[in-house]
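There are 4 protein chains.
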Amino acid sequence: MARQALGAALVGFGYWGPNLARNLSASADFDLLHICDLSPGRVAAARGLYPAVDCGSDASHAIGDDAVDAVFVATPAVVHHRLAVQAIEAGKHVLVEKPLTLDAATSDDLVARAAGRGVVLAVDHTFVYTGAVQKLRDLVNEGDLGDLRSFDSMRVNLGIVQPDVDVFWDLAVHDLSILQYVTDRTPVSVSATGMAHAPSTHASTAYMTLFYEDDFIAHVDVSWMSPVKVRRTLLAGTRRMVVYDDLEPSEKVKVYDAGVDSPETSEERHSTMVSYRTGDMIAPKLDSNEALSTEIAHLAECIRGNSVPRASGAMGASIVRTLEAATVSMARRGAPVDLKAI
Amino acid sequence: MARQALGAALVGFGYWGPNLARNLSASADFDLLHICDLSPGRVAAARGLYPAVDCGSDASHAIGDDAVDAVFVATPAVVHHRLAVQAIEAGKHVLVEKPLTLDAATSDDLVARAAGRGVVLAVDHTFVYTGAVQKLRDLVNEGDLGDLRSFDSMRVNLGIVQPDVDVFWDLAVHDLSILQYVTDRTPVSVSATGMAHAPSTHASTAYMTLFYEDDFIAHVDVSWMSPVKVRRTLLAGTRRMVVYDDLEPSEKVKVYDAGVDSPETSEERHSTMVSYRTGDMIAPKLDSNEALSTEIAHLAECIRGNSVPRASGAMGASIVRTLEAATVSMARRGAPVDLKAI
Amino acid sequence: MARQALGAALVGFGYWGPNLARNLSASADFDLLHICDLSPGRVAAARGLYPAVDCGSDASHAIGDDAVDAVFVATPAVVHHRLAVQAIEAGKHVLVEKPLTLDAATSDDLVARAAGRGVVLAVDHTFVYTGAVQKLRDLVNEGDLGDLRSFDSMRVNLGIVQPDVDVFWDLAVHDLSILQYVTDRTPVSVSATGMAHAPSTHASTAYMTLFYEDDFIAHVDVSWMSPVKVRRTLLAGTRRMVVYDDLEPSEKVKVYDAGVDSPETSEERHSTMVSYRTGDMIAPKLDSNEALSTEIAHLAECIRGNSVPRASGAMGASIVRTLEAATVSMARRGAPVDLKAI
Amino acid sequence: MARQALGAALVGFGYWGPNLARNLSASADFDLLHICDLSPGRVAAARGLYPAVDCGSDASHAIGDDAVDAVFVATPAVVHHRLAVQAIEAGKHVLVEKPLTLDAATSDDLVARAAGRGVVLAVDHTFVYTGAVQKLRDLVNEGDLGDLRSFDSMRVNLGIVQPDVDVFWDLAVHDLSILQYVTDRTPVSVSATGMAHAPSTHASTAYMTLFYEDDFIAHVDVSWMSPVKVRRTLLAGTRRMVVYDDLEPSEKVKVYDAGVDSPETSEERHSTMVSYRTGDMIAPKLDSNEALSTEIAHLAECIRGNSVPRASGAMGASIVRTLEAATVSMARRGAPVDLKAI
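Protein chains in written order, with my numbering: chain W, 4 to 345; chain F, 4 to 345; chain D, 4 to 345; chain P, 4 to 345.
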């Protein structure tokens with residue numbers, strides 16, 4: 004017997020909402036019932052694409068519909084908390100666009116509320132659902148890399164200087180979600196620096212280093228001001244190193260059978276300097292399904308099984324806490340900020 | 004009438020010394036008279052390659068030779084100061100391998116002594132003499148880039164974990180020399196972080212952000228622990244951006260006619276996000292002479308004209324001061340360190 | 004006063020038809036009235052996406068509709084001729100998917116019929132409408148390259164071995180359209196070779212060299228059997244060379260201020276061998292509009308102004324003639340085939 | 004007991020000779036006794052670098068020296084035959100710079116003479132001694148690729164238009180040596196085309212397709228007229244495909260677990276088109292010794308063991324025969340030329 008589809012309401016039909024709508028309407032797990040947006044033009048656009056879906060401007064009406072099991076919040080981040088609270092308190096499961104909220108306190112509040120009401124709270128950290136990031140996590144979990152030593156991610160291109168947030172909240176949020184999902188670790192402090200390329204704007208190029216309880220550290224370099232686009236993450240373990248380059252068309256993940264030992268003698272030192280690699284490199288075949296489609300199916304599973312999604316509210320809150328600490332550290336020119344202080 | 008060649012003594016014939024010897028012996032400006040090394044094997048190697056040159060282990064003998072005008076110090080950094088002092092006090096011009104010394108105090112001392120004795124003190128920051136770096140400086144000086152906003156340099160590969168210094172002193176020293184020569188600016192403080200991949204070793208992956216009196220900032224990312232080799236520097240101005248990729252065989256410098264303006268409206272914002280570049284890209288033809296050969300000829304000119312070399316003692320001392328501050332900041336997990344405090 | 008939209012019928016809703024449908028329905032120039040396909044499943048798919056369009060299996064009905072001004076034929080190539088004849092004889096303008104037909108005789112027939120009936124006959128050589136190819140043509144027309152000497156195009160990837168045609172008809176058809184539009188030249192003979200990687204199949208890797216009345220020659224290298232994807236065209240003139248790499252995300256066209264002169268003396272010869280480039284390289288900004296959208300708008304203009312489209316029936320017939328000759332030459336292991344003999 | 008070094012004479016100290024001299028003088032297998040060149044300047048250069056070696060202009064004197072076991076011929080190709088005959092008839096082993104001679108008849112003559120005198124005749128096809136090409140051969144021999152289907156090699160850059168030979172003899176000679184060593188096959192016919200970019204010069208861009216007794220075919224694309232440098236060879240078998248890119252700094256050889264099957268149904272066809280790769284890619288670690296050093300040691304072994312070198316006279320003659328046939332075919336615009344007819 005076929006399972007019944009879950010009723011879905013989508014709030015926000017701006018930049019990302021249409022992608023959610025397309026995947027929800029193609030999914031057998033969900034029945035897209037409502038699309039809401041405050042802009043009449045966006046409502047008209049939604050109605051044109053989805054004539055069978057109720058499209059309007061009243062989110063409360065959609066969230067309150069008894070046929071709705073899950074609410075998808077794709078509005079500007081500033082109203083994420085208000086809308087998610089409304090949905091949770093109405094007993095709905097919620098997926099919130101990233102970042103979960105704009106400060107740790109409200110994110111923690113959502114996590115607590117969802118736990119209290121027994122609903123699933125997921126955050127739309129889409130990268131976590133790609134075949135490449137899943138492969139990174141598998142490599143770590145299976146011990147192929149040895150002990151993790153460092154994570155280094157660069158995400159730069161010529162982007163738009165956003166009026167409301169700095170580049171950490173726009174781009175580093177992706178790297179932090181990959182970092183957390185792949186390593187299953189929570190940082191203890193952060194040092195961040197950055198610059199605004201135009202006066203009176205937010206930082207458009209920024210760097211953060213995350214410290215952990217052991218010696219593992221992570222670095223994230225993000226920018227809207229690079230004429231060359233880079234999307235590259237390096238994960239170094241004691242036994243192997245992995246490079247994940249999201250711009251590669253097919254070989255996005257490369258595993259290097261390489262490590263560097265301290266030289267014993269100066270003779271050995273010179274011979275080692277000559278050779279860059281010490282073993283084979285393997286680019287494993289990756290799952291090539293569209294991440295958002297995987298994510299939607301996974302969310303349905305979590306709702307039905309009452310399980311925790313890969314990109315959970317707790318993960319989303321941890322990322323928001325890190326971003327908030329990084330913003331504080333950046334204002335202090337790199338002085339480290341303890342994450343427990345946020 | 005042909006000018007007489009300058010007498011040269013080379014102290015240190017290990018890793019870099021042979022390159023100096025080869026260029027000195029090919030130069031019409033210098034007459035290589037002595038090669039010294041403490042290792043008998045290296046002395047024998049030098050003698051085999053340069054049968055006409057006096058090769059031995061006694062640096063004092065070579066430095067004291069009246070026929071010697073200039074001393075080239077290519078020993079381990081720990082003895083740079085002692086040997087350079089000896090040469091300066093003997094009235095010789097000196098070129099010292101980078102880094103000039105291992106702390107700002109001794110570097111400053113060398114600068115003061117050379118000024119006092121009226122001899123040229125140069126540091127072997129070879130990158131400064133490449134066609135690519137010279138082009139970067141020309142672009143800045145001619146105003147093509149507008150106001151400089153940021154400098155971001157990455158220098159990573161699978162290298163050797165050196166026993167005596169961290170990766171800043173081995174690799175970032177290059178980026179700092181390029182940064183200083185291209186921008187003619189001196190930082191005021193630095194925030195640095197890093198990690199050692201093996202216990203009880205120096206940092207093998209490290210990051211530093213340099214702050215200046217105005218809003219310009221610089222970032223350097225160096226590592227011996229990357230299976231992918233990267234040598235890339237981005238210089239962003241208000242009018243144009245430049246990418247210098249030293250691994251490109253011919254088009255090392257690319258000038259992008261690109262800048263990012265803050266969007267006025269959300270309509271404009273979406274349309275701008277679609278397009279990455281806003282103008283042409285030009286890869287100018289570069290001078291392809293070997294940097295070390297250019298450097299040797301330049302040094303001869305400076306000695307004869309009593310002028311300051313591109314990579315002067317003062318520049319070398321400034322770089323050492325920055326490296327020292329970065330080491331302090333790294334130990335404090337990124338807390339900014341004032342360069343005047345070093 | 005707004006111009007009235009042209010009535011459009013789309014015949015064929017398989018691989019490419021949906022792209023035409025999407026662009027036609029988004030265009031203000033056309034009013035998509037009919038979609039036809041022989042497969043009931045494809046008709047249902049069309050109806051789901053375009054509920055307002057008449058969708059069915061009867062092409063004659065659609066072509067015969069008085070409200071239809073233009074017919075878009077996106078069926079398998081084997082029925083292109085029959086459907087295009089039907090449309091032309093009904094007085095409709097026609098755009099036919101590439102290749103125009105599968106032999107020169109039927110292509111010539113369509114050209115003659117369209118001329119006789121005074122309707123526009125266009126072929127869907129989409130590359131001709133990209134910003135990159137338009138830039139190549141502009142560079143040639145403005146004389147920037149000097150006299151054209153050679154054209155060399157590679158289009159390889161791991162593709163599907165098609166059951167009905169060889170790789171020339173699937174891939175080289177693109178290179179030939181680019182070649183013809185950019186250079187405005189018609190070849191006089193062709194030498195071709197190729198191989199089938201599996202028994203009893205058509206060639207999956209193939210090469211052709213085109214000869215012209217003067218010394219200019221062109222070479223096309225296509226394959227379905229390359230694990231590395233390449234889409235690169237080199238156009239060499241006496242003054243400059245251009246590389247068009249369609250896989251580059253932003254700098255698809257690079258103009259090299261480079262040429263090679265015969266050396267006079269052996270001294271000069273050695274010095275020239277050292278240096279690869281003799282001038283700057285420029286990557287000009289390109290028009291980034293979607294090619295198919297540009298093509299649809301251009302077709303409407305041609306229909307309204309009764310002018311010849313960039314990718315005309317005559318160009319399409321010339322390309323089919325070349326492909327046919329290449330097939331003959333390939334069977335003769337490269338023996339040249341005169342195009343007038345086809 | 005140490006084996007005695009073989010006496011060596013080097014004839015020709017122009018472009019390539021100095022590399023042979025450097026490797027011979029560093030080799031324990033050979034004792035470099037003579038260097039000859041007709042140019043007094045080159046003799047002086049040799050003398051400066053190798054004061055202990057007899058340097059002069061008289062090749063007969065050097066070849067006739069009883070202490071000489073092996074003669075290394077690195078002169079212009081036009082005198083290869085005369086000098087090699089002289090050496091063989093004097094009972095010396097010979098290594099001849101590539102190409103062996105400029106026509107098949109004289110190459111065959113050298114092979115016959117060397118066999119008659121029982122001396123080793125080797126050709127300096129250096130690529131055959133690289134770790135990358137050895138790996139290709141190993142992969143083929145171990146059956147990893149399945150049955151070989153095709154070989155496709157591109158070797159283009161902005162080079163010098165040579166006054167005496169076309170681009171086949173300068174560049175394709177490398178690809179042919181790799182092809183022959185890796186596949187152990189001899190072609191039966193060749194179709195070639197090409198163009199001269201300047202009037203009255205030899206072809207500077209040229210293409211050849213080689214046919215074999217079975218369905219395997221090979222294609223070589225060479226040019227002095229490409230602003231982009233490419234050195235890439237694709238070898239496709241029924242089970243795996245290999246790409247050898249000589250410009251990659253470390254991962255020169257990539258093995259793709261990929262093959263393409265003919266689709267059964269149109270459904271399968273569409274799904275297959277979506278995915279480029281069907282398995283992992285592996286870049287095996289390669290031997291990174293300098294090829295010329297490996298080659299010199301191998302030659303000494305062959306001389307001592309009276310065995311056939313990897314790049315034998317017979318291989319060299321086969322390559323010359325192919326080049327000669329390609330030149331004939333090119334003049335006939337691709338008409339295939341039977342190699343037995345040369």
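Virtual Cβ for every residue (Gly too), placed ideally from N, Cα, C.
Under 7 Å by beta carbon: chain W residues contacting residue i
i        : result
P/Lys138 : Those do not exist, as P/Lys138 stays about 11 Å from chain W at its closest Cβ, beyond 7 Å.
Beta-carbon gap between residue i and residue j smaller than 7 Å
i        : j        : result
F/Lys95  : F/Asp127 : no
P/Thr281 : P/Asp150 : no
D/Val76  : D/Val14  : yes
F/Ser194 : W/Gly197 : no
F/Ala125 : F/Leu302 : yes
W/Ala65  : W/His37  : yes
W/Val258 : W/Ile285 : yes
P/His200 : P/Ser207 : yes
F/Val231 : F/Leu237 : no
W/Val185 : W/Leu139 : yes
Through-space distance from residue j to residue i, alpha-carbon basis
i        : j        : result
D/Arg235 : D/Val46  : 37 Å
F/Tyr18  : F/Thr78  : 9 Å
F/Val164 : F/Trp227 : 7 Å
F/Ala294 : F/Ala11  : 19 Å
P/Leu113 : P/Leu35  : 24 Å
D/Arg85  : D/Thr109 : 9 Å
W/Phe130 : W/Val323 : 16 Å
W/Asp40  : W/Val123 : 23 Å
D/Ala115 : D/Ala73  : 18 Å
F/Arg50  : F/Asp57  : 8 Å
W/Ile306 : W/Phe33  : 11 Å
W/Asp217 : W/Ala320 : 22 Å
F/Asp61  : P/Ala62  : 45 Å
F/Arg188 : D/Ala135 : 41 Å
W/Gly59  : W/Ala90  : 17 Å
W/Val277 : F/Thr204 : Note that W/Val277 scores 31 on pLDDT, short of 50, meaning its location in the model is unreliable; the coordinates nonetheless yield the value given after this. Approximately 21 Å, taken between the alpha carbons.
For residue j and residue i, believed in contact at Cβ under 8 Å, the rounded distance
i        : j        : result
P/Ser296 : P/Asn26  : 5 Å
P/Asp106 : P/Glu251 : With 8 Å as the limit, P/Asp106 and P/Glu251 do not qualify as a contact, their Cβ atoms being about 36 Å apart.
P/Ala221 : P/Phe154 : 4 Å
F/Asp178 : F/Val223 : 5 Å
Closer than 7 Å at the beta carbon, the chain F residues around residue i
i        : result
D/Asp283 : Ile285, Ala286, Pro287 and Lys288
W/Phe214 : Arg336
Partners in chain W for residue i, counting only beta-carbon separations shorter than 8 Å
i        : result
D/Pro190 : By Cβ distance, chain W contributes nothing, its closest Cβ being about 33 Å from D/Pro190, past 8 Å.
Neighbour list for residue i in chain D, Cβ cutoff strictly below 9 Å
i        : result
P/Ser229 : Asp155, Leu237, Ala239, Met244 and Val246
Chain-ordered neighbours of residue i on chain P, where CB pairs are closer than 7 Å
i        : result
D/Ser194 : Ser194, Thr196, Arg336 and Gly337
TODO: For the segment 98-160 of chain P, list the beta strand (DSSP E) runs that are entirely contained and at least 3 residues long, ordered along the chain.
DONE: 124-127
Open item on the list: Suppose only complete runs of 3+ residues qualify. What are the beta strand (DSSP E) ranges in the segment 194-252 of chain D, listed by chain order?
Closed with: 208-214, 220-226, 228-240 and 244-248
TODO: Jot down the residue ranges of each uninterrupted alpha helix (DSSP H) in the segment 35-84 of chain F, minimum 4 residues, whole runs only, in chain order.
DONE: 43-52 and 62-67
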